[in-house]
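Residue numbers (the numbering used here), protein chains in the order written: chain A, 2 to 429; chain B, 48 to 383. Note that beta-carbon positions come from the ideal geometry of N, C-alpha and C, so glycine has one too.
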């Protein structure tokens with residue numbers, strides 16, 4: 002890291018401190034925590050785009066899968082749901098898996114002619130689908146009718162919250178494997194469109210499959226690895242020490258998360274720096290810069306792409322799991338592509354693709370702007386329209402100020418792409 | 048068993064909606080495929096260009112309505128359409144001048160252009176929400192139905208009704224006219240031929256004296272017109288909401304890839320393939336099946352393969368199947 006890079010980081014740190022001084026320390030810590038998570042997402046995308054030149058626009062899907070993992074791992078199991086529908090759901094999943102494996106096996110076997118294989122695969126899929134639906138539908142209805150106001154899902158495994166983070170990564174990696182197997186090796190735009198699609202599908206599943214994680218009814222009260230603010234306030238030894246125990250407790254919890262997230266970020270950053278400088282990292286960049294030459298040197302380009310695609314998606318999954326733990330709830334309706342896919346891309350591009358420090362810096366900086374552009378925009382519009390008479394036009398302008406941030410992010414990204422295409426901290 | 052009623056129910060719930068939706072998808076996919084063929088990148092801003100054009104149409108429509116201008120039984124939006132297209136053309140040419148031209152001159156890799164189009168997408172998205180807001184806007188007026196279900200029942204005496212909304216009928220008619228004009232333009236005029244030449248082989252086209260900037264400009268103009276048309280027709284048929292238009296990007300790309308990227312005919316076929324599969328797979332067939340089979344076999348369930356919330360999944364699965372088994376698409380577009 003050069004002096005310039007360090008001063009850029011210092012600048013972002015100063016911005017967050019200023020937020021604390023001028024607005025509130027609660028907000029500053031919120032920005033810091035989400036900045037840490039954004040930095041991890043940006044690292045994941047940087048691994049794919051900066052190291053290997055893979056164009057993933059399905060970040061939202063992997064982040065959402067990480068969130069789903071938290072609900073499935075950390076929530077306590079619902080015994081009643083398992084009793085009425087557990088067997089049916091597990092059975093139907095097994096049927097689905099067997100059907101798909103059988104179809105793939107038949108399609109790949111060389112004993113039959115192509116036409117016969119096609120018909121056989123179709124037959125297997127249709128029969129499998131019918132068995133699956135007959136097993137699945139009653140089980141799903143049974144599970145969803147178990148105390149629907151609070152539960153109506155299978156619940157989780159009841160494991161500690163921190164275990165959910167790596168599992169979030171594993172879930173995202175699994176999805177990345179499926180998508181990578183099909184779309185990698187085709188031209189780069191196709192991967193982009195395939196990932197865009199898979200993200201929408203993951204979200205559709207999370208919104209509609211109530212038995213899994215309550216769908217749009219949201220999972221609330223996700224267990225936290227740290228004591229909550231209320232628990233702290235009730236603890237006499239804590240409450241006695243502060244004049245204002247309420248603020249003190251919320252700040253303490255947020256600081257605790259900041260520490261946890263910093264540990265994760267530092268571990269990932271160190272690993273990625275080591276990887277970047279290792280022979281593996283040099284090979285990846287060689288593949289990125291000239292696939293044909295790398296293939297001629299005996300590197301299996303498609304396999305390496307698959308590997309790095311899975312690793313990068315797993316990092317996004319971990320970040321998603323961390324975010325759900327921080328929020329304490331899983332709300333599928335809040336996942337939006339502009340916010341979770343394209344904003345992460347702005348982070349990587351502005352920070353500097355191919356440079357891990359750049360991605361981290363971009364994560365912090367863009368998240369800070371994303372949070373602060375809205376009040377600034379409102380203030381600007383408020384000042385600009387102060388002289389206007391009250392009316393529909395003025396109130397429309399004031400209401401619209403919230404959308405300033407999309408516009409600002411776009412302009413920022415276009416400016417960086419045009420005048421500093423290598424980002425704030427360029428690749429070295 | 049009552050085959051006639053089954054047929055009418057099928058037409059009412061599957062054929063008509065899918066035809067209208069397919070025409071809208073075809074128009075959108077044509078825009079995507081033209082950009083891909085001439086400018087050689089996947090334009091992520093296409094959905095938002097469409098939202099921008101439609102927004103212009105909606106605003107002009109409101110202006111006309113406030114003046115008391117109407118178009119009889121047809122929606123006023125049709126009168127506003129030319130103005131919307133002009134505004135959208137101006138906007139698109141502006142973005143090309145300000146943003147894309149710089150990268151074209153540098154001959155950057157296509158994927159850089161895709162990222163740039165992401166930036167344009169953000170800006171357009173912000174602009175549209177800033178100007179008209181993120182909410183649903185209805186701007187259809189005039190007669191609501193060409194044939195309403197009740198009239199149809201009275202006319203034919205059948206149990207099932209067939210309703211055709213004005214928006215749906217208009218969609219198909221306008222789409223046919225637009226596509227016919229586009230093909231005439233591409234195949235018969237000098238500019239159209241130079242566009243196809245440029246798409247097939249850039250270097251040869253340049254050698255024979257084709258002005259690339261002119262080809263690019265004409266492409267953007269056509270794309271703006273198609274996007275505004277597709278957006279307005281979609282908005283008349285359903286409603287205008289900026290976020291929905293952004294989401295249409297996926298079926299557009301699916302349609303363009305299924306047909307073969309860069310192939311206009313493919314985009315149209317792809318649009319209908321995607322639309323019909325989406326509607327047929329997410330439709331609850333109970334009604335049609337009940338009419339079509341003897342009474343003993345009548346189904347208890349909805350006979351619905353997937354819930355309508357998964358319609359994106361359908362276009363996506365078709366896309367995947369095509370990518371795996373025929374990466375160049377049905378009509379052999381460009382592929383690397």
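Sub-8 Å separation of residue i and residue j beta-carbons
i, j, result
"residue 219 of chain A", "residue 332 of chain A", "yes"
"residue 81 of chain B", "residue 340 of chain B", "no"
"residue 127 of chain A", "residue 118 of chain A", "no"
"residue 139 of chain B", "residue 96 of chain B", "yes"
"residue 167 of chain B", "residue 146 of chain B", "yes"
"residue 212 of chain B", "residue 284 of chain B", "yes"
"residue 289 of chain B", "residue 181 of chain B", "yes"
"residue 61 of chain A", "residue 325 of chain A", "no"
"residue 386 of chain A", "residue 399 of chain A", "yes"
"residue 38 of chain A", "residue 262 of chain A", "yes"
"residue 311 of chain A", "residue 177 of chain A", "yes"
"residue 265 of chain A", "residue 323 of chain A", "yes"
"residue 313 of chain A", "residue 45 of chain A", "yes"
"residue 366 of chain A", "residue 30 of chain A", "no"
"residue 42 of chain A", "residue 169 of chain B", "no"
"residue 83 of chain B", "residue 308 of chain B", "yes"
Assigned secondary structure, residue i (DSSP; H/G/I helix, E/B strand, else coil)
i, result
"residue 330 of chain A", "strand"
"residue 326 of chain B", "helix"
"residue 56 of chain A", "coil"
"residue 305 of chain B", "helix"
"residue 382 of chain A", "helix"
"residue 382 of chain B", "Per-residue confidence for residue 382 of chain B stands at a pLDDT of 43, beneath the threshold of 50, marking its modelled position as unreliable; the derived number appears in the next sentence. Looking at residue 382 of chain B - three-state DSSP - the assignment turns out to be coil, as it is neither helix nor strand."
"residue 212 of chain B", "strand"
"residue 222 of chain A", "coil"
"residue 287 of chain B", "strand"
"residue 78 of chain A", "strand"
"residue 130 of chain B", "helix"
"residue 194 of chain B", "strand"
"residue 86 of chain B", "coil"
Member of the options whose CA lies at the smallest distance from the CA of residue i
i, options, result
"residue 422 of chain A", "A/429, A/160, A/351", "A/351"
"residue 299 of chain B", "B/287, B/316, B/288", "B/316"
"residue 295 of chain B", "B/266, B/307, B/311, B/325", "B/325"
"residue 371 of chain B", "A/186, A/171, A/426", "A/186"
"residue 349 of chain A", "A/22, A/48, A/203", "A/48"
"residue 173 of chain A", "A/94, A/232, A/165, A/318", "A/318"
"residue 76 of chain A", "A/233, A/151, A/45, A/290", "A/151"
"residue 411 of chain A", "A/346, A/257, A/396, A/364", "A/346"
"residue 405 of chain A", "B/73, B/174, B/126", "B/174"
"residue 34 of chain A", "A/258, A/305, A/353, A/239", "A/258"
"residue 359 of chain A", "A/188, A/202, A/270, A/285", "A/270"
"residue 364 of chain B", "B/115, B/50, B/328", "B/328"
"residue 209 of chain B", "B/59, B/293, B/188, B/323", "B/59"
"residue 408 of chain A", "B/368, B/165, B/121", "B/165"
Neighbourhood of residue i by C-beta distance below 6 Å, restricted to the same chain and skipping five residues each side
i, result
"residue 161 of chain B", "88, 89"
"residue 337 of chain B", "345"
"residue 361 of chain A", "40"
"residue 16 of chain A", "369"
"residue 382 of chain B", "For residue 382 of chain B, the predicted model reports a pLDDT of 43, less than 50, meaning its position is unreliable and no value from the coordinates is stated."
"residue 274 of chain B", "78, 96, 97, 100"
"residue 402 of chain A", "378, 379, 382"
"residue 223 of chain B", "none"
"residue 57 of chain A", "49, 196"
Neighbourhood of residue i by C-beta, 8 Å cutoff - its chain only, sequence neighbours within 5 removed
i, result
"residue 204 of chain A", "61, 62, 65, 333, 336"
Own chain partners of residue i with C-beta closer than 7 Å, once the 5 adjacent residues on each side are dropped
i, result
"residue 154 of chain A", "79, 82, 144, 211, 212, 213, 214, 215"
"residue 420 of chain A", "none"
"residue 125 of chain A", "100, 103, 104, 107"
"residue 180 of chain A", "195, 196, 199"
Neighbouring residues, chain C, relative to residue i (Cβ below 7 Å)
i, result
"residue 146 of chain B", "Of the chains in the structure shown, none is chain C; the protein chains are A and B."
* Can you list, in chain order, the residues of the stretch 295-307 of chain B whose Cβ is nearer than 8 Å to any Cβ on chain A? -> Going along the stretch 295-307 of chain B in chain order, one finds 296, 297, 300, 301, 304 with a Cβ nearer than 8 Å to chain A.
* Residues in the stretch 310-330 of chain A having any Cβ partner in chain B nearer than 9 Å -> Per Cβ criterion, the list is empty.
* **Contact list for the stretch 67-96 of chain A against chain B, Cβ threshold 9 Å** => If you check each beta-carbon in the stretch 67-96 of chain A against every beta-carbon of chain B, none falls closer than 9 Å.
* Asked: Along the stretch 367-379 of chain B, what residues have a CB closer than 7 Å to any CB found in chain A?
  -> The residues in question are 367, 370, 371, 374.
* Which residues, in chain order, does the stretch 346-359 of chain B contribute to contact with chain A at a C-beta distance below 9 Å? -> Within the stretch 346-359 of chain B, the qualifying residues are 348, 352, 354, 356, 357, 358, 359.
* Asked: Along the stretch 161-195 of chain A, what residues have a CB closer than 8 Å to any CB found in chain B?
  -> If the cut-off is 8 Å between Cβ atoms, the stretch 161-195 of chain A has 183, 184, 187, 188, 189, 190, 191, 193, 194, 195 near chain B.
* Using a beta-carbon distance cut-off of less than 9 Å, what residues from the stretch 75-90 of chain B approach chain A? -> Here the close residues are 83, 88, 89.
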